[in-house]
Structures are given as C-alpha cells and as structure tokens.
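Structure, as structure tokens:
Protein chains: 2
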Amino acid sequence: MALPRSEEKRIALLESAAAIMAAQGLGASTASIARGAGVAEGTLFRYFATKDVLYNALYTHLKLDLAAALRQHMAVHDSLDGQVRALWDAYIDWGVSNLSFFKTLNQLVVSDKVTAETRSTVASQLSDIKCIAQACSDNNGLTALPGGFADAVFMALAETTIQFVVRDPANGQAYKSAGFRVFWSGSVR
Amino acid sequence: MALPRSEEKRIALLESAAAIMAAQGLGASTASIARGAGVAEGTLFRYFATKDVLYNALYTHLKLDLAAALRQHMAVHDSLDGQVRALWDAYIDWGVSNLSFFKTLNQLVVSDKVTAETRSTVASQLSDIKCIAQACSDNNGLTALPGGFADAVFMALAETTIQFVVRDPANGQAYKSAGFRVFWSGSVR
DNA sequence: AGTCCTGTTGTGAGTACTCACTCATTTGTT
DNA sequence: AACAAATGAGTGAGTACTCACAACAGGACT
Chain A
1 MALPRSEEKR IALLESAAAI MAAQGLGAST ASIARGAGVA EGTLFRYFAT
51 KDVLYNALYT HLKLDLAAAL RQHMAVHDSL DGQVRALWDA YIDWGVSNLS
101 FFKTLNQLVV SDKVTAETRS TVASQLSDIK CIAQACSDNN GLTALPGGFA
151 DAVFMALAET TIQFVVRDPA NGQAYKSAGF RVFWSGSVR
Chain B
1 MALPRSEEKR IALLESAAAI MAAQGLGAST ASIARGAGVA EGTLFRYFAT
51 KDVLYNALYT HLKLDLAAAL RQHMAVHDSL DGQVRALWDA YIDWGVSNLS
101 FFKTLNQLVV SDKVTAETRS TVASQLSDIK CIAQACSDNN GLTALPGGFA
151 DAVFMALAET TIQFVVRDPA NGQAYKSAGF RVFWSGSVR
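As you go down the protein sequences, you meet chains A and B in turn.
FYI, the numbering for the first sequence is 1 to 189, going by full-length UniProt numbering.
FYI, the numbering for the second sequence is 1 to 189, going by full-length UniProt numbering.
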C-alpha cells in the first residue's frame, strides 16, 4: 500500500466527505463524496481502502482541526474562570464557522464506525487541551462531578449553544454567555 | 385501505423498530424489523405503507409513551423547583429504563424523515407538559434565556445524564442530581 | 356436522434500484 | 519506453417495496 501521491486530493476528499455527510448523514454515498472532491469514485478507494477507513481518517482530521483552533485562542488567563471561558468561546466559534465539520464530527463521535483505537490515538494528541478542561479544573474548585461528566456536560451545552447561534445569529452573544453561565454556575461548588 | 386487523402486530412492529434502530441506526432494514416482530416483511407494509410512514408512526408512539410516563409522576408540588425536579427525575428514569426507545427517539428528533405535521400533531397532544416546562416557568423566575433555549438545555443535559446513569448505575443518583443542579442553578436568575 | 363461498390478513420470492468496492484500461510524468 | 496514478463501467450484495397466492375466518346452505 504505497502512500497516496497527492495530499491535496486526500484533503479534498475529507472535506467533501465532511460537507456531504453534514447534509445527508454518515450514509452519504462514496460516489457523491468523490464527485464533490472532483475525482473518480475509484480514486477515493486509492486513498481510503474502505469507507470505514475514511470514517476514521475523517474523525482524526476534524478533531485535530478543532484542536488547532482551540490552541490558537488559549491565552493564559489569571483566573480559571477566564481560561475556561476562553476555551468555551473558541469552541463555539469553531462550531459556528465550521458548521459542517461540527455536524459531521458529532455524528462520528456517537458512531460505532470510529474505532476505540482511533479515539485513543487522537485523545493522546489532545492531552494539552484535556489538561485545562480536566486536570487543572480538579485542582481549582470545579465540583466533584463523577469522572468525565463535566466534560460531557460541557460538550452537550456547547452543541446546543452552537445550534442556537447558527439558527439566530443576532442573539449569538446572548446564547454564548447564557450557555456558559449554565455550565459554570452549575459546575462550581 | 382498511384498518389493520391486529393492534398487537402494529405495536410489535413499532417496538421491534425501536429496538433495532437503537442498535443499528435509522437505516435498519425493514427485513430485520419484520423479523424482530415475528412477521413477514410484506406484513410490515400492510401496517405502514412506506418506511417513512413507519418513522412518523414510531416518533408519535415513542413521544406519547414518554408523555404518559411523565404525567404519572407529575404530582403537584408547592415550589417550582420541586415541580421541575419531578419532571427531571421522571424524564431521566424513563430514558434509563427504556433505553432503546430513548436512543431511537433522539435519532428521530433530528431526522428529516419526521414531517413538520407529525411534530406539530404530537406537540399539540403534549400541551399540558409544555405548560410546566415553559409557560409556568416564565412566570416564576427562570432566567430569560432566548426562546426555546431553556428547553433545549434541559434536553441536552438530560441526554448526557441518562448516558452516564446507564454506563455507571452505581452513581446514578449522583449524576441525576448533578445534572439537575447544572440546569437549575444556571437557569434561575 | 360437513362443505362450499367470500372476504380479509399474512406471506415471501421477485423486482428495480443503490451501495461499497474492483480492475482492465487510459492518462500523465519522467 | 516505463511506470504509477487516475478512471469509471462493472460486480455482487443489500435495499425498499410489490404481488400473486396461501391461510383462515365465519356465515349460509345442504
């Protein structure tokens, strides 16, 4: 299995997959994904041996893209509140301005097409962000919600908030701070 | 098109669909649904003319089942806090003990297979519950989150909470009250 | 009782279609 | 010329849905 020639085509296929799956669900056909990337269907299978391989590569691609966006806005704040708020804002902004990425990533997260191996490989590349969301917070007054629950609540609230910001952008700031307030006032002891 | 003979078979088909779709997604085949209900594939199409009709009937069935469960536990409390908490507990309990119903309903809610007509017909049968969750709360101190946001936050937190209770039942009560606290302390002014 | 008649319900092989995936061929580069 | 990359019609498996028929109920008439 030689390495694919063109990184461009690989990216084009991944972004086409994200866009089309956001609209049609994970069941979107390989034919339409290839067409969207401007290549033949057979070419898709040169880059991703099976559709499952594509799912896993897409999960990795989207997660790393999100992580890169978060890192850019992770200025060091004095207060934990400020730090978490910056993370929150960056997350919401990424979701709103990459809506099809966001939608597809959410579907992949709950899908059984993404293997545990892929998930843990990606997670290990995100340890710096986890640190803020979790290790740091434990030492600073966040409530003792059972393991992982605070993370999940953060994600669930962010997902809801993004939906509302997209649907009604005029009130975007209101949703953003309301969503954060729910998370924060409910999480702090 | 005469009415189907046996209400039993109709229910069996709906419950089979809910169970199989919870495991395999909405794309589960009509063949497997019929097999799960113990009838031939052709029989499914005597009860539901197309798969889309089945989706809509299933949405209605599950929503009404949930509503019935909520009504049973909607004792009148003196405080708004108590009333909403009772609603929260009933919702979580239903999700936990009808997990496949819950999972399938969540997929149907975001699916475009369920028509606006079905949604509004069902909603009109749930007005008494909406009253507590919304009309009542507006008059009693819930924060002025933009329209529908509080509802969505409630649902998102409940979904997350149910996942954790199912995954780790020993700490069920802890998740349940933690989830409610996030909702409540973030929602009250 | 037993046997035909009639209408509806239940059946599953059959149909047309879409899907993921293949491979002989063409295209492009060196 | 030599080689790999790209192509897209072709393949078999699986899909939603159909339809000619089997199964069975309950009268009505011997």
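Positions of the beta carbon are idealized from the N, C-alpha and C atoms, including for glycine.
Here the structure is a predicted model, which means the values were calculated and not measured.
Check your understanding: Is the number of C-beta pairs between the segment 34 to 41 of chain A and the segment 116 to 125 of chain A that are closer than 8 Å three or more?
Key -> No, because fewer than three Cβ pairs between the segment 34 to 41 of chain A and the segment 116 to 125 of chain A fall closer than 8 Å, the two stretches do not touch.
Exercise for review: Scan the segment 169 to 183 of chain B for residues whose Cβ lies nearer than 8 Å to a Cβ of chain A and list them as they occur along the chain.
Suggested key: Hits within the stretch, in order: ASN171, ALA174, TYR175, ALA178, GLY179, ARG181, VAL182, PHE183.
Practice item. Assign B/GLN173 to one of two classes, buried (16 or more other C-beta atoms within 10 Å of its C-beta) or exposed (fewer than that). Key: By the 10 Å Cβ count, B/GLN173 comes out exposed.
Check your understanding: In or out: B/ALA156 buried (at least 16 other Cβ within 10 Å) or exposed?
Key -> With 16 or more other Cβ atoms within 10 Å, it is buried.
Check your understanding: Near B/LYS51, what residues of its chain come up, given a Cβ to Cβ distance below 7 Å and the 5 sequence neighbours on each side ignored?
Key -> Within the same chain, B/LYS51 has close Cβ partners THR30.
Check your understanding: Of the residues B/ILE33, B/SER187, B/ASP168, B/ALA178, which one's Cα is nearest the Cα of A/TYR175?
Key -> Nearest neighbour of A/TYR175 by Cα position, chosen from B/ILE33, B/SER187, B/ASP168, B/ALA178, turns out to be B/SER187.
Point to revise | 8 Å Cβ cutoff, residue 202 of chain B in contact with chain A | key: For residue 202 of chain B there is no data in the structure shown, the boundaries of chain B being 1 and 189.
Point to revise | Members of the segment 116 to 130 of chain B that neighbour chain A once the beta carbon cut-off is set at 9 Å | key: Taking 9 Å as the Cβ-Cβ cut-off against chain A, none of the residues of the segment 116 to 130 of chain B qualify.
**Study point:** A/SER111 and A/LEU26 closer than 8 Å at C-beta
**Key:** The beta carbons of A/SER111 and A/LEU26 sit closer together than 8 Å.
Exercise for review: Would you kindly work out how many angstroms separate the C-alpha atoms of A/LEU70 and A/LYS63, rounded to a whole number?
Suggested key: Answer to the nearest angstrom: the Cα atoms are 11 Å apart.
Review point. What span of residues does the alpha helix (DSSP H) with A/LYS63 cover, start to end?
Key: Residue range 51 to 72 is occupied by the alpha helix (DSSP H) that includes A/LYS63.
Check your understanding: How many whole angstroms separate the CB atoms of A/LYS113 and A/TYR55, which I take to be in contact at a CB cut-off of 8 Å?
Key -> Between A/TYR55 and A/LYS113 the Cβ distance is about 4 Å, and since that is below 8 Å, they are a contact.
Practice item. Could you give the DSSP three-state label for A/VAL188: helix, strand or coil? Key: For A/VAL188, the secondary structure class from DSSP, reduced to helix, strand or coil, is strand.
Review point. Expressed to the nearest angstrom, what Euclidean distance is found between the alpha-carbon atoms of residue 223 of chain A and B/THR115?
Key: This structure cannot speak to residue 223 of chain A, because chain A is shown only from 1 to 189.
Review point. To which residues of the same chain is B/LEU3 closer than 7 Å at the C-beta, ignoring the five residues directly before and after it?
Key: Annotation note: pLDDT 45 at B/LEU3 (below 50); position unreliable, no value reported.
Exercise for review: Using 10 angstroms around the beta-carbon of A/ILE11, count the other beta-carbons present and answer buried if the total reaches 16, otherwise exposed.
Suggested key: Per the 10 Å Cβ criterion, exposed.
Review point. Are the beta-carbon atoms belonging to A/ALA75 and A/ALA86 less than 8 Å from one another?
Key: For A/ALA75 and A/ALA86, yes; Cβs fall inside 8 Å.
Check your understanding: Is it right to say A/SER6 is buried, meaning 16 or more other beta carbons lie within 10 angstroms of its own, or is it exposed?
Key -> Here A/SER6 is exposed: its Cβ has fewer than 16 other Cβ atoms, across all protein chains shown, within 10 Å.
Exercise for review: Return yes when the Cβ of B/ALA158 is within less than 8 Å of the Cβ of B/SER100, no when it is not.
Suggested key: Inclusion of B/SER100 and B/ALA158 in the CB contact set at 8 Å is not warranted, their separation being larger than that value.
Check your understanding: Which one of B/THR161, B/GLY147, B/CYS131 has the shortest CA to CA distance from A/LEU145?
Key -> It is B/THR161 whose Cα lies nearest to the Cα of A/LEU145.
Review point. Around the C-beta of A/VAL182, are 16 or more other C-beta atoms found within 10 angstroms, so that it is buried, or is it exposed?
Key: When all chains shown are included, A/VAL182 counts as buried.
Point to revise | First through last residue of the alpha helix (DSSP H) which encompasses A/ASP151 | key: Run containing A/ASP151: 149 to 167, per the alpha helix (DSSP H) assignment.
Check your understanding: What are the boundary residues of the alpha helix (DSSP H) that includes A/PHE48?
Key -> Unbroken run through A/PHE48: none, as it is neither H nor E.
Review point. Helix, strand or coil for A/LEU13 per DSSP?
Key: When secondary structure is reduced to three states using DSSP, A/LEU13 falls in the helix class.
Practice item. Could you list which residues in chain A have their beta carbon closer than 8 Å to that of B/GLY27, in chain order? Key: GLY27, listed in chain order.
Review point. What first and last residue would you give for the alpha helix (DSSP H) that runs through B/ASN171?
Key: It is not in any alpha helix (DSSP H) - B/ASN171 carries neither H nor E in the DSSP assignment.
Point to revise | Reference A/GLY179; option with closest CA among B/ALA178, B/SER177, B/SER185 | key: Of B/ALA178, B/SER177, B/SER185, the residue nearest in Cα terms is B/SER185.
Check your understanding: The alpha helix (DSSP H) spanning A/THR104 covers which residue range?
Key -> In the DSSP assignment, A/THR104 falls within the alpha helix (DSSP H) that extends over 99 to 109.
Review point. Around the Cβ of B/GLN83, are there at least 16 other Cβ atoms within 10 angstroms (buried) or fewer (exposed)?
Key: Buried, by the Cβ-count rule.
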